[in-house]
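Residue numbers (this note's numbering): 1 to 441.
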């Protein structure tokens, strides 16, 4: 595999020190590897790049499983691999859709690598949708979360079901107290520890406190978000109903938001993340579900509407900003009687840039189009760009991220051109096929 070419497709010029150490450990030995590194440092690439060099792209068997604690991380990791266009086939398996549909994809794609959640991977192994006999490599991403109470039984059953397993790679942003015996790490394994005991969060993150004069923090949150302009921000809350309430309020106030929590249907969650990541929504209102496994670039602000419930929870929330070499800010909204938890380290300064008068929330630069055709209809990204330029009257720099799914596609376009595209594309054909084109709201 051409590493430089793969990195170029991801817009990356070189590996960082942690990624180089990990690649050397995976490729330079036949032992297991445990990688501890802060969020936002590129752990997905750290294990993917060397692992892909160990797989046989001529085989039609699954050779590696990547276990993730949630579907979003499985989907995101699969997206990263596909973006590299390196010749290794992959797919993601997770709850929220039928196993039968995934079985059809597995038969069609014939992946060499599968990303998935523990329960769904066990289901496919039990039904022999995935052959257990060709699997030599096991990656456990965010193993501290995967091995929390409730995951032990699934994990233990999965690992015991892999008779040909040769190597394990475990990754985490926090140091677990111990690795359970059933993981069967080899004695000749390598520990790569890039955690700094004295650095709780990146030094590139500035910490602020914001005091709410009312116990209900909604108006303070509104003013805080107004002060951010069109910057990308995540507002964290501890409960699903609180997420719904705060999101509804912000929508009423004119903000363009995405709402994200575990009680939503899978399609709703995917839509929410897509709108936020492609710049069609400035604000993501979420539970801690969004604190892990989301590698969305250029998130400038993390807002703790509710205080984090633990130090680990705080670390993972703040890890969504200042990724790679970027800078970021985190804000604690405090009502009367609340104070910042003792476990938060660093200098915390009052935030003084709240707007002094009513202003309107800025609209995001982009909006998202739904196109009712996808891979199964032989539609490619190039087809979509050509259609939007020729029929929709767009310039190429007015088109953002494009995701082509099996039966539909999402496209980010400049917001001011959205209605023009919808108007001009109505009733027109893309590659000779009539389709639905509408805004994702």
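Backbone N, C-alpha and C fix where the C-beta goes; we use that ideal spot for every residue, glycine too.
Since we're looking at a predicted model, the values are computed, not measured.
Counting along the chain, where does the alpha helix (DSSP H) carrying residue 6 start and finish?
Here residue 6 is taken as the residue at index 6 of the chain shown, counted from 1. Its alpha helix (DSSP H) spans residues 3-9.
Please say whether residue 145 and residue 336 have beta carbons closer to each other than 9 Å?
As a working note, residue 336 is residue 336 in the chain shown. As a working note, residue 145 is residue 145 in the chain shown. No, Cβ-Cβ distance for residue 336 and residue 145 is not below 9 Å.
Which of helix, strand or coil DSSP assigns to residue 439:
One-based indexing of the chain shown puts residue 439 at position 439. Three-state DSSP puts residue 439 in a strand.
Helix, strand or coil, according to DSSP, for residue 194 in the structure here?
What you label residue 194 is simply residue 194 of the chain shown in a count that begins at 1. Residue 194: coil per DSSP, three-state reduction.
From 100, 155, 296, 367, residue whose alpha carbon lies closest to that of residue 321
In the chain shown, the residue the question calls residue 321 occupies position 321. Selected option, being the one with the closest Cα: 296.
When DSSP labels each residue in this structure, what does residue 397 get in the three-state scheme?
Here residue 397 corresponds to residue number 397 of the chain shown, with the count starting at 1. Correct three-state label for residue 397: helix.
Between the segment 356-369 and the segment 326-334, can you find at least three pairs of beta-carbon atoms closer than 8 Å?
By the criterion of at least three beta-carbon pairs nearer than 8 Å, the segment 326-334 is not in contact with the segment 356-369.
From the DSSP output, read off the bridge partner residues of residue 93.
For the purposes of this step, residue 93 is identified with residue 93 of the chain shown, where counting begins at 1. DSSP, once it has assigned bridges, lists 116 as partnering residue 93.
Taking buried to mean at least 16 other C-beta atoms within 10 Å of its own C-beta, is residue 410 buried or exposed?
The residue labelled residue 410 in the question sits at position 410 within the chain shown. By the neighbour-count rule (16 or more Cβ atoms within 10 Å), residue 410 is buried.
Jot down the residue ranges of each uninterrupted beta strand (DSSP E) in the segment 249-292, minimum 3 residues, whole runs only, in chain order.
257-260, 283-286
Which stretch, first to last residue, makes up the alpha helix (DSSP H) that contains residue 72?
Working through the chain shown from its first residue, we reach residue 72 at position 72. Residue 72 -> alpha helix (DSSP H) spans 71-84.
Residue 372 and residue 423 closer than 9 Å at C-beta
Position 372 of the chain shown, counting from 1, holds the residue named residue 372. Position 423 of the chain shown, counting from 1, holds the residue named residue 423. Going by C-beta atoms, residue 372 is not nearer than 9 Å to residue 423.
Roughly how many whole angstroms lie between the Cα atoms of residue 247 and residue 57?
Numbered from 1 along the chain shown, position 247 holds the residue referred to as residue 247. Numbered from 1 along the chain shown, position 57 holds the residue referred to as residue 57. Taking the straight line from one Cα to the other gives about 45 Å.
Is the segment 58-66 touching the segment 105-118 in the sense that three or more CB pairs, one from each, lie closer than 8 Å?
yes
Closest by CA to residue 107, which one among 65, 129, 419, 119?
Reading the chain shown from its first residue, position 107 is the one you call residue 107. Considering only alpha carbons, the answer is 129.
Tell me, please, which residues DSSP counts as bridged to residue 368.
The residue labelled residue 368 in the question sits at position 368 within the chain shown. BP columns for residue 368 point to 412.
Short of 6 Å in beta carbon distance, which residues of its chain neighbour residue 288, apart from the five on each side in sequence? Order them along the chain.
Position 288 of the chain shown, counted from the start, is the residue given in the question as residue 288. Around residue 288: 313.
Quick one: residues in its chain with C-beta nearer than 7 Å to the C-beta of residue 311, no 5 flanking neighbours on either side, listed in chain order?
As a position in the chain shown, residue 311 is number 311, starting the count at 1. Answer for residue 311: 343, listed in chain order.
To the nearest angstrom, report how far apart residue 286 and residue 28 are at their CA atoms.
Working through the chain shown from its first residue, we reach residue 286 at position 286. Working through the chain shown from its first residue, we reach residue 28 at position 28. Approximately 41 Å between the Cα atoms of the pair.
Nearest to residue 237 by CA position, among 381, 308, 209, 222, is which residue?
Residue mapping note: residue 237 aligns to position 237 of the chain shown, counting from 1. Nearest of 381, 308, 209, 222 to residue 237, Cα basis: 308.
Beta-carbon within less than 7 Å of residue 3's beta-carbon, same chain only, minus the 5 sequence neighbours each way: which residues are those?
Locating residue 3 in the chain shown gives position 3, counting from the first residue. Within the same chain, residue 3 has close Cβ partners 49.
Grab me the residues of residue 349's own chain with a C-beta within less than 8 Å of its C-beta, minus the 5 sequence neighbours each way, in chain order.
Start at 1 with the first residue of the chain shown, and residue 349 comes out as number 349. Here the set comprises 206, 207, 208, 209.
Cβ pair residue 125, residue 35 closer than 9 Å
Position 125 of the chain shown, counted from the start, is the residue given in the question as residue 125. Position 35 of the chain shown, counted from the start, is the residue given in the question as residue 35. Not closer than 9 Å, so no.
Can you tell me whether residue 106 sits near the ligand ZN, meaning its C-beta is under 8 Å from at least one heavy atom of the ligand?
The ligand ZN is not part of the structure shown, which contains no ligands of any sort.
Label residue 339 either buried or exposed according to how many other C-beta atoms from any shown protein chain fall within 10 Å of its C-beta, with 16 as the threshold for buried.
Taking the chain shown and counting its residues from 1, one reaches residue 339 at position 339. The residue in question, residue 339, is exposed, as its Cβ has fewer than 16 Cβ neighbours within 10 Å.
Quick check: the Cα distance between residue 352 and residue 227, rounded to an integer number of angstroms?
Looking up residue 352 in the chain shown gives position 352. Looking up residue 227 in the chain shown gives position 227. The alpha-carbon of residue 352 is positioned some 10 Å away from that of residue 227.
Name, in chain order, the residues that DSSP records as bridge partners for residue 301.
Here residue 301 refers to the residue found at position 301 of the chain shown. In DSSP, residue 301 forms a bridge with 233, 329.
Three-state class that DSSP yields for residue 314 in the structure shown
Within the chain shown, residue 314 is the residue found at index 314, counting from 1. Of the three classes helix, strand and coil, the one that applies to residue 314 here is helix, per DSSP.
Taking the alpha carbon of residue 15 as the reference point, which residue from 82, 44, 419 has its own alpha carbon closest?
Within the chain shown, residue 15 is the residue found at index 15, counting from 1. Checked all of 82, 44, 419; the closest Cα to residue 15 is 44.
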